[in-house]
Amino acid sequence: MSRVLVVEDDPQLVRALVINLQAREFGVDAAPDGASALRLAAARQPDAILLDLGLPDMDGIDVIKALRAWTGAPVLVLSARRSSPEKIEAFEAGADDYLTKPFSMDELLARLRASLRRTNPGREAPEAAAVVDTGDFSVNLVAKKVSRGGRDIRLTPTEWQLLEILICNPGRLISQRRLLQDVWGPAHARNSNYLRVYMAQLRRKLEPDPSHPRYLITEPGMGYRFEA
C-alpha cells in the first residue's frame, strides 16, 4: 500500500481527498499546516505528498525546499496560484507536478499514480533499471557507460552527471536551477548557458535527430526531462 501525505488547511477538501484516496487503497495522513506536514513526513515516510501552497504558518514553497533536503518522494502541488512564475518557482523548489484549483479528482489520481510509477523515493535508480535501453542507446548506471549501436560513447564527466540525473528521474521535469546546482554548484545556479551547451553536446552524441530530440526534452523556461 502506498502512503500519501495530504497537506491542506481546507477541511472539506481534505475530507474529499482522504475519502477518494482511501477508496483506492492508499494509506493517508493529513496535515493542516507546514510544520505538522514536516513532522508527519519525517515520521511516516510517505510515498507521495499532495501539497497546498497557501498554508497558514508558512509558504508551501518553503515546505517543498525542506522536504527536498532529505526525501525524493514526489510532491504534487494543489494550488489556486495560476501564474507561470509561481508554477516555475514550485518546480524549481522541487515539485514534481502542479494542479490548479479547482481540479478533477480523476486527473489528480491519474497524476498521482503516474508520479508513483516513475519516481524512486531515494532518487536512485532501482536495481531492475540499472541498465536503461531506449532502443537508440543504452545507459548502464552501475558501470557508468553509454553505448549506441554496440559501440561505447565517450561522455565527459559533466555530460555523464547531467544524463544520470535525467535518466534516474524518467518523465520528471528537472528544473534548470537544480541541474546547475547539482552539477556545477550553487554559485552557478543562474548560468543557464552552461546547460544549453552541454545538453546540445549530449543530443549530438545520443539522439537519432539532435535537432528534434526524442529522449532529452526541453521544457522552455523551466528545465529538462528524459522520456524513455
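The opening position of the sequence shown corresponds to residue 1 in UniProt numbering, with each subsequent residue numbered one higher.
Built from N, CA and C at the ideal position, the CB exists for glycine as well.
According to the DSSP assignment, K145 belongs to the beta strand (DSSP E) that extends over K145 to R148. Within the same chain, F137, V146, S147, K205 and L206 come within 8 Å of I153 by CB-CB distance, once the 5 residues on both sides are set aside. Restricting attention to V4, Y198 and L13, the CA atom closest to the CA of S104 is found in L13.
V132 and A114 have their C-alpha atoms spaced approximately 19 Å apart. When secondary structure is reduced to three states using DSSP, E219 falls in the strand class. According to the DSSP secondary-structure assignment, A48 is paired through a beta bridge with V4. It is roughly 11 Å from the alpha-carbon of A200 to the alpha-carbon of D209.
If you check the CB distance, A48 and S84 do not come in under 8 Å.
Around the Cβ of R196, a 10 Å sphere holds fewer than 16 other Cβ atoms; the residue is exposed.
Annotation for V75: I49, L51, I64, L67, G94, A95 and D96 place their beta carbon closer than 7 Å to its own, counting only its chain and skipping 5 residues before and after. If you check the CB distance, V77 and G54 do not come in under 8 Å. Here DSSP, grouped into helix, strand and coil, assigns V14 to helix. The beta carbon of A31 sits closer than 6 Å to the beta carbons of V7, A37 and L40 from its chain, once the five residues preceding and following it are set aside; these are given in chain order.
Taking 8 Å as the cut-off, the Cβ atoms of V183 and L162 count as close. Here DSSP, grouped into helix, strand and coil, assigns D209 to coil.
In summary, P220 is exposed, with fewer than 16 beta-carbon neighbours lying within 10 Å of its beta-carbon over all protein chains present. Shown here for R203: same chain residues with a beta carbon closer than 6 Å to its own, the five before and five after excluded, namely P210, P213 and L216 in chain order.
Considering only N20, R178, K144 and P170, the residue with the shortest C-alpha distance to A90 is R178.
Of the residues assessed, R172 falls on the buried side of the cut-off, its CB having 16 or more other CB atoms within 10 angstroms. Taking C-beta atoms under 8 Å as the contact rule, Y224 and L166 qualify, at a distance of about 6 Å. By a beta-carbon distance limit of 8 Å, F226 contacts P170. Their separation comes to about 5 Å.
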